[in-house]
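Inspection log for the structure reproduced underneath, given as structure tokens.
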Amino acid sequence: MAITLTKPKNVTGRKKLVKPDIDALVNQHWNRICWVIYKLVGDWDEVQDIALETFLQLHQNPPKHEENLQGWLYRVASNRGLNALRSRGRRIHYEDQTVLSDNLETGSDDPAEIIERAQERDQVRAVLSAIHPRSAQLLALRYSGLTYAELAAVLGVSKNSVGTLLGRAENEFEKAYIEQDSARKEEQ
Amino acid sequence: MHLTEKEIRAYVDQELDLERFDLLQSHIDSCAQCRESAARMGEKINRIKNQLESLTKNAPGEPLSEQEAILMVNTRIQNSNQEDKNMWKKLTSALPRPAWIALAVLSLLVISMAFAPVRAIANSFLSLFRVEQVRVVEFNLEDRPEDLGASSQFEYMMSNQVQVEERGEPQNAADSSEASALAGFPVRLPSGMDGQYKVTPGGDITFNVDLEQVRTVLGDIGFTDIELPDSLDGAVISANIPAGVQANYGDCEFEELEDFDPEQREPAEIKENLNCTALIQMPNPVVEAPADLDIDKIGEAFLQLTGMSPEEAVEFSSTVDWATTLVIPVPRHGTEHEQVPVDGVTGTFIKHYEYDTGDMYLLIWIKNDIVYALSGPGEKADALEIANSLQ
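Listed below in structure tokens is the structure:
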């Protein structure tokens, strides 16, 4: 059997990957993906970095068997956002009133009110970083407006089971929220 | 009959088709209990919805525009392409060099590649083995530390602590029997392929460790938390690298790379040799180090250089027998690796892919105390076909 490596042009197997149309995907999903990440991390610089890295990853390691690139994008972006939130959670406790995890809001002139709402947001994020990551991911995406069908694509489950998963995630969230709330009140 | 929780949920979330919605609506209209359940569920969903939506309400700012985002994404892609390409070029171009340097470079992996001058240090840190197996550790480009060239102490350390002696000059061989005679071990070549064979001389590398200096260099490039065992200080580590044979097939044009030269920090422009397949073989190098040297600790230090945290390094290191394992770091992005049966033993197959040039592979295996490294363009099947035809 002859091997034709002496004729380099005949070398076989130089298969090229099909390149996702990244510009089109950015155009279509950038805004909503950024808001999903913002929900988790609450800081625009961080949001931008995570969103850019998500699209870079799509370029570098595109999913091989994924037909639904949109599902992949929201999954990776929300995972990255959640990782950022969780790693921060290990450093900062929301009880620490001197450190607020997000940019302060606009829309109110009363400083006390602004601080109070920022603390509430910190608490919601603390709960999201404490519950099962998949539950947190599901809630962040659902309440960014994704439909059952879109959520099913993100999670790789049938549309039929999304409602049940959502119900479970919400129970987990409420339970953890109440626990954290009472823990906080005890400390005060 | 009452509605299930799932049905109520879908009703409240308005995730029903029209027909089904009407059906459930008429039941709810007539069933107080289900109406009550739906109301309770609606309240709970609203509560959580409000909490989650408060996270983005009145947010100070908004995402970049899509046009700006497209520009930034493409800039990031271009930067990373350039970085990946340089690293892989350096990695594969190292193969055709004298075989013992190539192996040292391999063991150093991308570190040596990314920081050209480290090549020499590879010999000292990483040759503490007699290779019986190969493991791959993923290396994250984003966590890459500063270039070793950034250390003003590095050149001084290299010239002061490391001696390299080559035994003779490279020689060409016409066939496998001539190559075997020159190299001093039985050389095996792929059948049915015409190539060029070069016998590279062996060499001796000696490293006299001055721990303080090594620590200074590590500190200069941002690794202040790497722990090196005190027993390393004053240790003399020597490696006896046997002669090796390199067989080139296809369109191979390799420039001989210079030996480590402190004056020249940037490696010369490296050719890609996209159509060159090269097979390097050499007997296992013999490395001598003081018996009380804490090889595990040095292994952990090496892993930290690849971007692992100290904890991860300890964990990974505990699964590696450093005395017999060649640990190859590969970039996390753009490569895949796996164990494959080859030539009657288990080998390690590493593939690198790029959109514009296609796949390149590197296959490494050890048989009868001889280390084989095959690199070229193509797929796993191409590599295995060549590797399995050696005789």
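Going down the list, the sequences are from chains A and B.
Counting in this note's numbering, the first sequence runs from 1 upward without gaps.
Counting in this note's numbering, the second sequence runs from 1 upward without gaps.
We put the beta carbon where it would ideally sit given N, CA and C, even for glycine.
* Asked: Can at least three beta-carbon pairs, one atom from the stretch 177–190 of chain B and one from the stretch 207–217 of chain B, be found at a separation below 8 Å?
  -> no
* Asked: Under a Cβ-count criterion, where at least 16 other Cβ atoms within 10 Å of its own Cβ denotes burial, should B/Glu19 be classed as buried or exposed?
  -> exposed
* Between the C-alpha atoms of B/Thr224 and A/Thr147, what's the straight-line distance to the nearest angstrom? -> 49 Å
* Which residues in the same chain as A/Gln123 place their Cβ atom closer than 8 Å to its Cβ, once the five residues preceding and following it in sequence are excluded? -> Tyr94, Tyr177, Gln180, Asp181 and Arg184
* To do: Could you confirm whether any beta carbon from chain B is found closer than 7 Å to the beta carbon of A/Tyr74?
  => no
* Under 7 Å between C-beta atoms of A/Leu138 and A/Ala118 -> no
* So which residues of chain B does A/Arg125 contact, with C-beta pairs closer than 9 Å? -> Leu55
* Does the distance from the CB of B/Ala373 to the CB of B/Ile364 come in under 7 Å? -> yes
* Examine chain A for any beta-carbon lying closer than 7 Å to the beta-carbon of B/Leu52, and answer yes or no. => yes
* **Simplified DSSP state of B/Lys198, which is helix, strand or coil** => strand
* Please state whether DSSP places B/Ala373 in a helix, a strand or coil. => strand
* Quick one: give me the first and last residue of the alpha helix (DSSP H) that A/Leu155 is part of. => Tyr148 to Leu155
* Please list the partners that B/Glu5 has in chain A, where partner means a Cβ-to-Cβ separation under 9 Å. => Gly163, Thr164 and Gly167
* To do: Classify B/Glu7 as buried or exposed, calling it buried when 16 or more other Cβ atoms lie within 10 Å of its own Cβ.
  => buried
* To do: Just the chain B side, please: which residues come within less than 9 Å of A/Gly42 by C-beta, in chain order?
  => Leu55, Thr56 and Ala59
* Asked: Using a Cβ-Cβ distance under 7 Å, would B/Ser375 count as near chain A?
  -> no
* To do: Could you pull the start and end residues of the beta strand (DSSP E) that B/Asn275 belongs to?
  => First-last for B/Asn275: undefined, no H or E at that position.
* Does B/Val327 come within less than 7 Å of chain A when only Cβ atoms are used? -> no
* **chain B residues whose Cβ lies nearer than 8 Å to that of A/Ala140** => Leu52
* **B/Thr75 - DSSP class collapsed to helix/strand/coil** => helix
* With DSSP run on the structure shown, which of helix, strand or coil describes B/Ser318? -> coil
* To do: Report the partner residues of B/Asp204 according to the DSSP bridge assignment.
  => B/Glu165 and B/Asn240
* **Given 8 Å, three or more beta-carbon pairs between the stretch 26–46 of chain B and the stretch 62–76 of chain B** => no
* Asked: Is the distance from the Cβ of A/Ala84 to the Cβ of A/Val41 below 7 Å?
  -> yes
* To do: Go through its chain and collect everything with a Cβ distance to A/Ala153's Cβ below 7 Å, but skip five positions before and after it.
  => Asn68, Gln70 and Gly71
* For A/Thr54, which three-state DSSP category applies? -> helix
* By DSSP, does B/Pro341 sit in helix, in strand, or in coil? -> strand
* Asked: Are the beta-carbon atoms of B/Tyr197 and B/Ala179 separated by less than 7 Å?
  -> yes
* Pick from B/Lys367, B/Ser309, B/His352 and B/Leu218 that is closest to B/Met282, judged by C-alpha positions -> B/Lys367
* Decide if the stretch 49–58 of chain A is in contact with the stretch 72–81 of chain B; the criterion is three or more beta carbon pairs, one per stretch, under 8 Å apart. => yes
* **Among B/Ser80, B/Ser30, B/Asp343 and B/Gly234, the one whose alpha carbon lies nearest that of B/Phe397** => Outside the modelled stretch of chain B, which goes from 1 to 391, sits residue 397 of chain B, for which no answer is possible.
* Asked: Which first and last residues belong to the beta strand (DSSP E) in which B/Ala173 is found?
  -> Gln171 to Ala173
* Asked: Hey, is A/Lys39's beta-carbon within less than 7 Å of any beta-carbon in chain B?
  -> yes
* Indicate whether at least one CB of chain C lies closer than 7 Å to the CB of A/Asn79. => Looking for chain C here will not work: the only protein chains present are A and B.
* Mind checking who B/Ile298 pairs with in its DSSP beta bridge? => DSSP lists no partner for B/Ile298.
* Between B/Ser317 and B/Pro285, what straight-line distance do the alpha-carbon atoms span, to the nearest angstrom? -> 22 Å
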